[in-house]
Amino acid sequence: MSEKFTFITPFFEWHGIGYLDVILQAMNDAYQKNSTLPKSTERFDSYQMQEKFSQNGELECLERGVYLLPLNYQVTIGRSSRWKEFVSPEKQQNIQESIHKTSTNYDETKEDLANLVSYLQSAEDKNFPDYQWLKKNWRHQQDLWHIINEFSIGTQVAWYKDNSSIYKKSPQIEFVELDIEYAQLHDEYRTAKILRYWLAEQNLNQHAYVNLWGAMTSFQIAFHYLSWASPRFKSAHLVKCINEKKSNLQERLTPIRIEKANKDLLVQLRADDLDQYGLSEQQEKTYLWLNKYRELGDNFTILLLGARGVGKTKVVTDVYANQGRDVISVNCAQFQSNPELARSELFGHVKGAFTGANENKSGAFSEANNKTLFLDEIHHLDKATQSLLLTALQTDHEGHFSFVPLGSNKHTKVKFQLITASNQKIGQLAELILPDLLDRISQRTLEFSPLQPGEAICGEFIHVWEKMDFKGALNPVEHDKKFLDWLTNIDRVFSGNYRDLQKIAILCADYQRCSDLLPKNISLISYVESTWRQITASRPKDVSIENFLDEHNKLSLKEITDEFKAKVVRAAELYNGDIKTAAKMLGITPKNLIEIKKRVNS
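For the sequence shown, my numbering assigns the number 11 to the initial residue and increments by one for each residue that follows.
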C-alpha cells in the first residue's frame, strides 16, 4: 500500500507505554498487507511482538505517530500513587508469573522487583521512584515492560525513549505536551477544547487513526465529540485495541486485536453528558434519536419541527452527511408560487414534458436512491404536488417508493430515508398539508426547541465559527470575555438562531481583519450591535401566508397581497418570459399576468 498512516493516542492511563510499539507494529503489518486495519481474526501477542520489534523496529508505513501528554507529565503519577496495591502479595505473584515467561533473566529481575518493593515500603515519599532510580537499580530494562504502567508518566516516556527500537529508528514518533494539567483532564469539555486547538494546526488525512484504548474517559468523550462536531476531524478514524486476556494461565500473553470504534458519541452517551456542549434538552434528544435511526437503518419517515434557524438542516447534515451518508436536500420554499417547478425538481421530467423541457432531467427522488432525501419547509408545497408526493410514498413490500417523472408513463422505483422539516407547529401544519400526507411523513416526529441563552449559545457559536473557518481571525468567544458576556446575555440584540450566529461570526471576523475600514475606537460589541440594527432594519419582511395567519404577525393584508403579486412575477420570469406558460401554470389569463407585472414594476 502506497499510502501511509498517522496514529494518534492519548497517554495510556491503564496500560504501559510499551503497548504503543505493539499497536504501531500491528498497524504497520496490516498496511503492508494492503489493509487499513488488522483483520478482526488476527491476534498480536504483546510480548512476542515486543521481542520482534526489539530486533527490527522499522515501520515503513508510518507517516506520523503522536503520543499526547498533559502539562508537566514528567512529575505526573498517571492514575494515582498505588504503592500499597503494588506491594501486595497478590500483585507480586501476578507480576512474577508474568515475567517468568519472558524476562531476560528471571532470577535477577525477581531480585530487582524485591528491592523495589522494599524501597516502596521504607520510603517516606510513597510515589513510585523516577526513572533515574530504575536505571540505577533495575538491571534488565526491557523487563520493565511488565510493570511500566505502574510508574509516573515521565518515567514511562523516559523508559520508552531509551528502550524502544521503534522510537530510535522512527523519527516520526512525537511526544506532544498539551496545554492542560493532568488534574484538568477530568473536565471533558476543557479536554475537547484543548484538543480542538491542537487539531486546528494539524492536517489529518483519511488514513489518520486515533486510539481510545487505555485512555482516560475524558479523552474518549472528547475525541468522540470532536469526530461529530469538528470539520477538521471528520475524516479520522477512532480505533480501540482490545486486550484479550486468557483465562488459562499457560496462555497469559495477552493477545491484542484492533478494531474501529463507533464514532457516534451520541448513541453511546446519556443526554446529560451532552449538556456541556451547548445543546438544549430537546436538541440532545433529537440528535440521539436521529443517530439511532441512522444506525438501525429503518426506512420510516421522520418529521422535524422547529422555528426558523434552530438547526433542523444542521442536525440532518451532522447526523447523516458527516457520517458518510449522502443527503439530497430540497428547500420547498422555492416552490411557493411555482408548483410546476416543484414537480419537476422532485420527480424529474422527460424531454418535451412542457415548454422549455429540452432534455430529460432526474429529480430529487432519483438522486436520493440509496441515500437520504431531506425536504425542508415541506408546508410550502401546493396541494396537487402533495397529492403526487403521497402517491409516490406508498411503499411496496420491499420498502421502495414509486413515482412517475413529468411527461412519462413509466414508474421508477427508489429507496431512501425520507426526512422532512417545517417551522410550523403541528396544529398549523395540519391545516397546510393533506391529512394522509402528514400522517405518512410523520411516522416519527422530533421537535426542536430554540437555542438557549448562556452556555448553549456559546457552544453553538463555537461550532459556527469553526465551520466558517475564517483565515487570520481568532474566535472572540475564546479570546474576548466582554464579547462572551454579551453573547450569552439574554438581553442581546439578536434572537440566537443559527443564521443569526453566522451573521454575528462574519461581523466579528470583519472587525478583526478589516479594522482599517471601520470607525476609529469602536469596540467589537458596539460594531456588532450597530451593524446588526442596520441589517435588521433593511431585512425584508416575511410575508408568507402561513405567517399572516399567525396571531402574533402584524403584517397587513395589503403587504401580503403585494408580496403575492411579486411572487407571481418571479414565477413568470422563471419561464424566461414565457407569459402564456406561466399564466397557465398560475391559473390566470396571460392578460392578467401582464397587468400584475406592470403594477409590481410600477
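Each residue gets a CB set at the ideal place from its N, CA and C atoms; glycine is no exception. Since this is a predicted model, take the numbers as computed values, not measurements.
With 16 other Cβ atoms within 10 Å as the buried cut-off, status of residue i
{"i": "Arg450", "result": "buried"}
{"i": "Ser536", "result": "exposed"}
{"i": "Leu275", "result": "Its pLDDT being 45, under 50, Leu275 is placed unreliably by the model, and the measurement read from it follows with that caveat. Buried is the call here."}
{"i": "Leu470", "result": "Residue identity differs from the one stated: residue 470 is Glu in this sequence, not Leu. Answer is buried; the Cβ neighbour count reaches 16."}
{"i": "Asp552", "result": "Confidence at Asp552 is low in this model, with a pLDDT of 46, below 50, so the placement of that residue should be treated as unreliable; the coordinate-derived value is given next. Counting Cβ neighbours within 10 Å, Asp552 comes out exposed, since fewer than 16 surround it."}
{"i": "Glu269", "result": "exposed"}
{"i": "Asp328", "result": "buried"}
{"i": "Asn348", "result": "buried"}
{"i": "Ala355", "result": "Checking the sequence, you will find Glu at residue 355 rather than Ala. Counting Cβ neighbours within 10 Å, Glu355 comes out buried, since at least 16 surround it."}
{"i": "Pro415", "result": "buried"}
{"i": "Asn485", "result": "buried"}
{"i": "Thr599", "result": "exposed"}
{"i": "Lys404", "result": "The sequence shown places Gln at residue 404, rather than the Lys named in the question. By the 10 Å Cβ count, Gln404 comes out exposed."}
{"i": "Gln103", "result": "exposed"}
{"i": "Asp669", "result": "The chain is shown only over 11 to 612; residue 669 falls outside these bounds and no answer can be derived."}
{"i": "Ser237", "result": "buried"}
{"i": "Pro529", "result": "exposed"}
{"i": "Leu298", "result": "buried"}
Those residues which DSSP pairs with residue i across a bridge
{"i": "Ala367", "result": "Answer is none; Ala367 lacks a bridge partner."}
{"i": "Asn301", "result": "In the DSSP output, where bridge partners are listed per residue, Asn301 has none listed."}
{"i": "Thr114", "result": "Thr114 is not bridged to any residue."}
{"i": "Arg454", "result": "Ile312"}
{"i": "Thr382", "result": "Val337, Gln427"}
{"i": "Arg267", "result": "Ile252"}
{"i": "Phe416", "result": "The sequence shown places Leu at residue 416, not Phe. DSSP lists His359 as partners of Leu416."}
{"i": "Thr19", "result": "Tyr77"}
{"i": "Val186", "result": "Leu78"}
{"i": "His247", "result": "Tyr219"}
{"i": "Glu470", "result": "According to DSSP, which records beta bridges pairwise, Glu470 is partnered with nothing at all."}
{"i": "Phe54", "result": "Ile266"}
{"i": "Glu191", "result": "Leu81"}
{"i": "Thr422", "result": "Phe413"}
Extent of the continuous alpha helix (DSSP H) run through residue i
{"i": "Arg74", "result": "Run containing Arg74: none in the alpha helix (DSSP H); it sits in the beta strand (DSSP E), 72 to 81."}
{"i": "Leu517", "result": "508 to 523"}
{"i": "Val97", "result": "Taken as a continuous stretch (DSSP letters only), Val97 belongs to no alpha helix (DSSP H), as it is neither H nor E."}
{"i": "Ala210", "result": "Counting along the chain, Ala210 falls outside any alpha helix (DSSP H), and DSSP gives it neither H nor E."}
{"i": "Lys145", "result": "141 to 147"}
{"i": "Met6", "result": "No information on residue 6 is available, as it lies outside the stretch 11 to 612 that the chain covers here."}
{"i": "Lys171", "result": "163 to 173"}
{"i": "Ile158", "result": "Looking at the DSSP string, Ile158 is not in any alpha helix (DSSP H), and its letter there is neither H nor E."}
{"i": "Thr395", "result": "393 to 402"}
{"i": "Gln13", "result": "Gln is not the amino acid found at residue 13; the sequence shown has Glu there. No alpha helix (DSSP H) holds Glu13; DSSP gives it neither H nor E."}
{"i": "Ile436", "result": "436 to 442"}
{"i": "Thr323", "result": "322 to 329"}
Cβ pair residue i, residue j closer than 9 Å
{"i": "Asn221", "j": "Ser245", "result": "no"}
{"i": "Thr296", "j": "Val325", "result": "yes"}
{"i": "Ile163", "j": "Pro80", "result": "yes"}
{"i": "Phe480", "j": "Ile338", "result": "no"}
{"i": "Glu100", "j": "Met226", "result": "no"}
{"i": "Ile105", "j": "Ile266", "result": "no"}
{"i": "Phe21", "j": "Gln166", "result": "yes"}
{"i": "His217", "j": "Thr46", "result": "yes"}
Same chain only: Cβ atoms within 7 Å of residue i, ignoring 5 sequence neighbours per side
{"i": "Leu400", "result": "Leu444, Asp446, Leu447, Arg450"}
{"i": "Gln453", "result": "Phe310, Thr311"}
{"i": "Glu369", "result": "Lys361"}
{"i": "Lys171", "result": "Tyr177"}
{"i": "Thr119", "result": "Ile109, Ser113, His150, Asp153"}
Residues near residue i in its chain [Cβ-Cβ closer than 6 Å; skip 5 each side]
{"i": "Ala343", "result": "Glu387, His390"}
{"i": "Val340", "result": "Ala374, Leu385"}
{"i": "Ser228", "result": "Leu195, His196, Glu198, Thr201"}
{"i": "Gly316", "result": "Lys322, Phe458"}
{"i": "Asn159", "result": "His25, Gly26"}
{"i": "Leu428", "result": "Thr311, Leu383"}
Enclosing beta strand (DSSP E) for residue i [first to last residue]
{"i": "Gln427", "result": "427 to 432"}
{"i": "Ala218", "result": "218 to 221"}
{"i": "Pro445", "result": "Segment 445 to 451 is the alpha helix (DSSP H) holding Pro445; no beta strand (DSSP E) there."}
{"i": "Asn341", "result": "337 to 341"}
{"i": "Ser412", "result": "411 to 413"}
{"i": "Leu315", "result": "312 to 315"}
{"i": "Phe493", "result": "No beta strand (DSSP E) holds Phe493; the alpha helix (DSSP H) holding it covers 491 to 497."}
{"i": "Phe375", "result": "Per DSSP, Phe375 belongs to no beta strand (DSSP E); it is in the alpha helix (DSSP H), 374 to 377."}
Close Cβ partners of residue i (< 8 Å) along its chain, the five nearest in sequence each way excluded
{"i": "Lys435", "result": "Leu315"}
{"i": "Arg318", "result": "Asn433, Asn507, Arg509"}
{"i": "Phe345", "result": "Leu351, Ala352, Glu355, His390, Leu391, Asp392, Thr395"}
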